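Notes follow once the structure below has been shown.
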Amino acid sequence: MIVWSCIVLGCIGGVLSAAIIVCRRFLADYGLCAIDVNSGGRTLDVAGGQTLLEALRSAEVFLPSGCGSRASCGLCKVRLTDGGGAVLATERPLLTQGDIRGGIRLACQVRIRGPIAIELPPDLLAVRLYRARLESAGMLTHDTRRLTFALDEPLEFHPGQYVQASIPTPDGPVFRAYSISGSSADKKRIELIVRLVAGGAGSTYLHRLAVGGQMDFAGPYGQFRLSDDPESELICVAGGCGLAPVKCIVEHLLSARPQARCRLFVGAKDSRDVMLMGFFGGLAGRHPDFSYVYSLSNPRAGPADWAGRTGMIHHAVAHELAPGGGRQAFICGPEPMIAAVTRVLIEKGLSRADIYADRFEAARTWTPAG
Ligand SMILES: Cc1cc2nc3c(=O)[nH]c(=O)nc-3n(C[C@H](O)[C@H](O)[C@H](O)COP(=O)(O)OP(=O)(O)OC[C@H]3O[C@@H](n4cnc5c(N)ncnc54)[C@H](O)[C@@H]3O)c2cc1C
């Protein structure tokens with residue numbers, strides 16, 4: 534009986550959803566709607582009925598978005614100053630009370646049914662689409678691939694920034710964020726480090742892409758800027774693939790300022806997940822004020838396999854880092870690691886404003902400037 538009730542309710546739900554989609558697609562005609570960007574700075578005429586994210590993309594304004602419009606990543610937050618209707622239940626889990634009071638919305642959920650006004654940071658308006666060809670690729674660990682793409686045009690970016698890869702799927706392209714791991718000196722190439730997520734659309738595509746294959750990227754995104762104070766020490770803490778932007782940042786810092794003080798902490802699960810240790814070892818050999826620590830959280834084999842540090846990476850930071858301010862920190866990895874490391878860094882004397890964190894998983898908190 535319960536099974537039959539579930540089937541009947543499921544069918545009714547399915548029919549209603551299909552009816553809504555059909556009505557939206559064929560009956561609701563909102564015509565052309567104007568999006569006012571930055572109080573008259575730009576006006577975009579877009580077809581009504583689509584989401585703000587789709588509409589901006591059709592006008593070549595590329596907001597970041599990482600979850601295929603499922604309202605789970607929070608990357609597409611945008612400030613609305615007029616129009617857009619009420620905040621939807623699907624948006625609320627990713628918006629703070631402050632966001633809602635400030636007009637912040639998820640562009641993937643806001644449907645355009647009339648004129649609308651938004652504010653966008655200038656950096657975001659400069660983002661554009663690049664065509665790229667996979668030049669070389671190789672595995673760094675059992676599940677992590679390094680890919681180097683040649684771009685059709687030079688891409689200006691800051692170390693720590695990321696691109697959005699356009700992943701072709703049968704339902705159209707979906708976008709996924711990947712940090713640029715290669716040198717920021719080479720503007721015509723981008724290197725990415727991608728961990729394979731089981732069943733994941735973006736990572737699977739990038740792991741299967743053959744050398745010579747074409748891809749589109751939008752970018753650059755991300756607000757981290759290296760301090761230009763020559764006295765400032767840089768502390769980087771990376772978990773897993775969080776090492777991708779850190780590689781770019783450390784490489785850039787040491788080539789611009791070979792004497793810069795920089796400490797790197799890398800967390801990995803077990804020895805199979807350790808990557809780029811030789812690369813950072815080479816840098817440490819050439820730069821006396823650069824040092825690095827790797828720590829394994831779940832070493833599977835005995836000491837014959839791994840003679841280095843073990844334990845959570847925030848314990849390594851707590852143990853190895855001397856107290857003191859005047860330092861900048863970049864943390865990248867999963868949310869629990871970021872929270873634990875941030876606590877330790879604050880105990881060590883860093884101010885919250887000097888700690889920048891990039892979350893590689895859902896619900897990254899990105900609040901537009903303004
Ligand atoms: C700013 C930013 C930069 C990023 N940079 C990198 C990078 O340099 N390298 C990199 O490999 N990734 C990076 N990511 C993560 C990347 O954008 C994708 O989320 C990741 O590759 C998974 O996408 P997918 O399409 O393969 O999986 P999806 O199709 O999105 O997800 C498939 C399934 O896996 C789950 N899932 C999604 N992500 C993860 C995860 N990270 N771990 C475990 N389960 C997951 C989902 O819940 C879902 O069930 C970054 C993310 C952000 C926000």
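So in the numbering used here, the last one in the sequence shown is 903, and the numbering has no gaps at all.
All residues carry an ideal CB built from backbone N, CA and C; glycine is no exception.
Note that the coordinates shown come from a computational prediction; the quantities given were computed from them, not determined experimentally.
Whole-angstrom C-beta distance between residue j and residue i, which should lie under 8 Å
i    : j    : result
R679 : A670 : 7 Å
A734 : V770 : About 29 Å; that fails the 8 Å criterion.
L787 : F823 : 6 Å
E624 : A592 : With a Cβ gap of about 22 Å, E624 and A592 do not count as contacting.
M845 : A872 : The Cβ separation is near 12 Å, so there is no contact.
Beta-carbon proximity of residue i to residue j, cut-off 7 Å
i    : j    : result
I645 : G581 : yes
I700 : S714 : no
R612 : I649 : no
G599 : L589 : no
A890 : L878 : no
P832 : D803 : yes
I782 : R860 : no
S830 : H785 : no
T681 : C641 : no
A698 : Y711 : yes
A751 : V660 : yes
V779 : L653 : no
Cross-strand partners of residue i (DSSP beta bridge)
i    : result
Q747 : R666
C600 : The partner list for C600 (beta bridge, DSSP) is empty, contrary to what the question assumes.
S754 : First, the amino acid is wrong: residue 754 is Tyr here, not Ser. Beta-bridge pairing links Y754 to Y695.
T614 : Partner(s): none; T614 has no beta bridge.
I651 : V570, L613
D685 : Paired residues: none, contrary to the question.
I864 : V770, A890
I723 : F682
C606 : In DSSP, C606 forms no bridge with anything.
L661 : The amino acid at residue 661 is misidentified as Leu; the sequence shows Arg. Beta-bridge pairing links R661 to G752.
A580 : L565
M672 : R678
Local Cβ density within 10 Å of residue i, reported as buried at 16 or more and exposed below that
i    : result
A619 : exposed
K720 : exposed
I633 : exposed
H675 : exposed
A896 : Confidence in A896 is poor, its pLDDT being 40 and thus under 50, which makes the residue's placement unreliable; the coordinate value appears in the next sentence. A896 is exposed by the Cβ-count criterion.
Q694 : buried
F893 : buried
S736 : buried
A513 : Since the displayed the chain opens at 534 and closes at 903, residue 513 lies outside it and no answer follows.
T677 : buried
R796 : buried
L596 : buried
H820 : buried
A855 : exposed
M672 : exposed
S884 : exposed
G574 : exposed
A743 : exposed
S828 : buried
Distance cut-off 6 Å: residue i Cβ against heavy atoms of ligand 3
i    : result
S602 : Ligand 3 is absent from the structure shown, which contains only ligand 1.
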